[in-house]
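> Quick one: this structure, given as structure tokens, is what I'll be asking you about.
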Ligand code: UDP
Ligand code: MG
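Residue numbers (this note's numbering): 1 to 339.
In structure tokens form, the structure reads like this:
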């Protein structure tokens, strides 16, 4: 091969990389991920390089207190643009992902965790499905490596409850790792709610969807940011922001207890009037009082959840606040052009 051919091939490759709008955007939310960021960047860049197109990587620093921001703002790439967005505090992964989706300039975006639990090597497969005409490529976990039986059991229970209560099913074992194209991103960006249960929001717009299976790896380094308190909160948020059926269950419970109380009254009255039985005292009364009191408190608490949602929505606060933003364009090394 002559050196001219090599040079022209290289120029051609370079012009692919240097497209005006990026081919895809990769959104990476991060919160105290200093141990894994460099490895994550390297692996994502390798995968994107192989696709031979100019892409965009968007890092959202969700108020990290470690070195994550400093590391991320120094990341660069020969062929891809890097956007780093720093939120003013920790707003939660859901808000960080929303910030990323607002910043997307490409025609499709892939959401991926910084801890490399979602293998970036699958991005080309996702892109292939998108090129086939699908709007959303959901990635479903085949196995959940690095997670104990209790986490797996509670996760399964959550999907069962959620899908039974909500009119809009959310796919089981599909996390946030997915590809969505422009028209779906636009619809999600239009959704105004503050309580952002992203699994539900991603399912809400519909469109043409496909699910691919994958094995989720254990975390590369660092620790999970989700404790059980946060997970229970997320589960509750998911159910109450996508279904009002729990309210109807409360009404049902009210009906059942009232009806039982009526039945009990009839039984007690008949027994007293016909057989002259003395009314059974303290224990049965305590049971009834506690039962009815419990149902009442539960129902009020449930109503409170929904009123609380209204309260938060009514304030119309922004979903996140951006403190700092950087943008780096591809830096193809000068030496490489001669190669
Ligand atoms: N994350 C975030 N904000 C948070 C918590 C987590 O941006 O408040 C990011 C985190 O840095 C990681 C991803 O969300 O890139 C998934 O978090 P993690 O690995 O802790 O969750 P898990 O995989 O255990 O569900
Ligand atoms: Mg993780």
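Heads up, the beta-carbon is just placed ideally off N, CA and C, and yes, glycines get one too. The model shown is predicted, which means the values in this text are computed figures rather than measured ones.
Under 8 Å, with one C-beta from each stretch per pair, do the segment 158 to 178 and the segment 241 to 248 reach the 3-pair mark?
Yes: at least three Cβ pairs fall under 8 Å.
> By alpha-carbon positions, which one of 222, 184, 212 and 98 ends up nearest to residue 204?
As a first step, residue 204 is located in the chain shown; it is residue number 204 there, counting from the start. The option with the nearest alpha carbon to residue 204 is 184.
> Hey, would you say residue 348 sits closer than 9 Å to residue 118, going by beta carbons?
No answer is possible for residue 348: the residues shown for the chain start at 1 and end at 339.
> Taking a contact to mean a Cβ-Cβ separation below 9 Å, would you say residue 21 touches residue 105 in this structure?
Within the chain shown, the letter at position 21 stands for residue 21. Within the chain shown, the letter at position 105 stands for residue 105. Yes; because the gap between Cβ atoms is below 9 Å, this pair is in contact.
> Taking 8 Å as the cut-off, does the CB of residue 66 come closer than this to any heavy atom belonging to the ligand MG?
Looking up residue 66 in the chain shown gives position 66. The answer is no for residue 66.
> With DSSP run on the structure shown, which of helix, strand or coil describes residue 175?
For the purposes of this step, residue 175 is taken as residue 175 along the chain shown, with counting starting at 1. Residue state, collapsed to three classes: strand.
> Nearer than 8 Å: is that true of the beta carbon of residue 226 relative to any heavy atom of the ligand UDP?
In the chain shown, residue 226 corresponds to position 226, counting from 1. At least one heavy atom of the ligand UDP is nearer than 8 Å to the Cβ of residue 226, so yes.
> Output needed for residue 130: all residues of its chain with C-beta closer than 7 Å, excluding positions within five of it in sequence on either side, in chain order.
The sequence position of residue 130 within the chain shown is 130, counting from 1. The answer, listed in chain order, is 108, 137, 179 and 181.
> Could you name the residues that DSSP lists as bridge partners for residue 181?
Position 181 of the chain shown, counting from 1, holds the residue named residue 181. DSSP lists 108 as partners of residue 181.
> If residue 125 and residue 209 are in contact, beta carbons under 8 Å, what's the gap, nearest whole angstrom?
By 1-based counting over the chain shown, the position of residue 125 is 125. By 1-based counting over the chain shown, the position of residue 209 is 209. With 8 Å as the limit, residue 125 and residue 209 do not qualify as a contact, their Cβ atoms being about 15 Å apart.
> If you compare alpha carbons, which of 43, 329, 58 and 296 is closest to residue 69?
To locate residue 69, count along the chain shown from 1; it is residue 69. Among 43, 329, 58 and 296, the Cα nearest to that of residue 69 belongs to 58.
> Start and end of the alpha helix (DSSP H) containing residue 81?
Position 81 of the chain shown holds residue 81. No alpha helix (DSSP H) holds residue 81; the beta strand (DSSP E) holding it covers 81 to 87.
> Does DSSP put residue 34 in a helix, in a strand, or in coil?
Locating residue 34 in the chain shown gives position 34, counting from the first residue. Residue 34: coil per DSSP, three-state reduction.
> Expressed to the nearest angstrom, what Euclidean distance is found between the alpha-carbon atoms of residue 154 and residue 226?
One-based indexing of the chain shown puts residue 154 at position 154. One-based indexing of the chain shown puts residue 226 at position 226. If I take the Cα positions, the gap works out to 14 Å.
> Report yes if the C-beta distance between residue 253 and residue 295 is below 9 Å; otherwise report no.
For the purposes of this step, residue 253 is taken as the residue at position 253 of the chain shown. For the purposes of this step, residue 295 is taken as the residue at position 295 of the chain shown. Result yes, Cβ atoms of residue 253 and residue 295 sit closer than 9 Å.
> What does the Cβ neighbour count give for residue 349, buried or exposed, with the cut at 16 atoms within 10 Å?
This structure leaves residue 349 out entirely; the chain is present only between 1 and 339.
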